[in-house]
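Numbering-wise (this note's numbering), the sequence shown opens with residue 7 and increments by one. What follows is a single structure, written as structure tokens, with notes after it.
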Amino acid sequence: MNKAYKKWGQSPFSEEERILSRVPLEMLALSFLIALASIFLFSLLTAVFILAGGAFSALSFVWLKKSVSRLFFLKNEEQKQDRHLAEPIPFVKNGDSPHKEKGRSPLFLVKKKALASGFALYCLRLLLILAVFFIIILLFSKKIIAFAAGFSVIIPVFLVEASIALSRMKQWKS
């Protein structure tokens, strides 16, 4: 672990967690500012669609972040179990180890199910995004650009966050 993190008692992932928890709020704030400006430039309905696109994008980001963090939690649990199995184990009566592999481990099956459900949720998320765009195209075909503009506020938010994080780095890794 890095000396600076040991000194302050932080994990190296605390900065990333703070950034990822800030991103949805920044997306909502940026889409609100763009919507506020679009009231004066275009119309109130355009502003509503920009704000709705930003809110839908933030919700989608939060959902994706939670799904990915659940999958990483399972990976960390598997690593903990593997370390536990690597410890010396006393033999039982008949000379067999109690952890002798007789097939797949229960955690492997859980991980396989979690990956399958994670993939299914990702596909569901993608279908919901496409359904929302399709409904807006059908009902408000002239406002799809406003919704897409609100939905894409994630790009400038990530650019700003990345530039801030790069400016805080003291040295580049080669």
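Glycine residues also receive a C-beta, built at the ideal position from the N, C-alpha and C atoms.
When the options are compared against residue i, the one with the closest alpha-carbon
i    : options                   : result
A61  : I161, P30 and T52         : P30
G59  : L172, I135 and A120       : I135
L132 : W69, S173 and E167        : W69
V166 : L39, F55, S147 and E32    : E32
S44  : F153, I161, I160 and A168 : F153
V159 : L34, K148 and F139        : L34
L3   : K72, L42 and E22          : Because the chain here runs from 7 to 180, residue 3 falls outside it and cannot be looked at.
Where residue i falls, given that 16 or more other Cβ within 10 Å makes a residue buried
i    : result
V5   : With the chain covering 7 to 180 only, the question about residue 5 has no answer from this structure.
I95  : Note that I95 scores 49 on pLDDT, short of 50, meaning its location in the model is unreliable; the coordinates nonetheless yield the value given after this. It is exposed - the Cβ of I95 has fewer than 16 other Cβ atoms within 10 Å.
F79  : exposed
A53  : buried
E107 : With a pLDDT of only 49 at E107, under the threshold of 50, the placement of this residue in the model should not be trusted; the figure read from the coordinates follows. Exposed, since its Cβ has fewer than 16 Cβ neighbours within 10 Å.
F46  : exposed
F97  : In this prediction, F97 scores a pLDDT of 49, lower than 50, which makes its location untrustworthy; the coordinate-derived value is nonetheless stated afterwards. With fewer than 16 other Cβ atoms within 10 Å, it is exposed.
Proximity of residue i and residue j at Cβ, strictly below 9 Å
i    : j    : result
L77  : G124 : yes
S37  : L51  : no
A155 : I40  : yes
F146 : F55  : yes
E21  : A171 : yes
Alpha helix (DSSP H) segment containing residue i, residue limits
i    : result
S158 : Counting along the chain, S158 falls outside any alpha helix (DSSP H), and DSSP gives it neither H nor E.
S20  : S20 to L47
Distance between beta carbons of residue j and residue i, contact taken as under 8 Å
i    : j    : result
F157 : S27  : At roughly 20 Å, the Cβ-Cβ gap does not stay under 8 Å, so F157 and S27 are not in contact.
I184 : I150 : Since the first and last residues shown for the chain are 7 and 180, residue 184 lies out of range.
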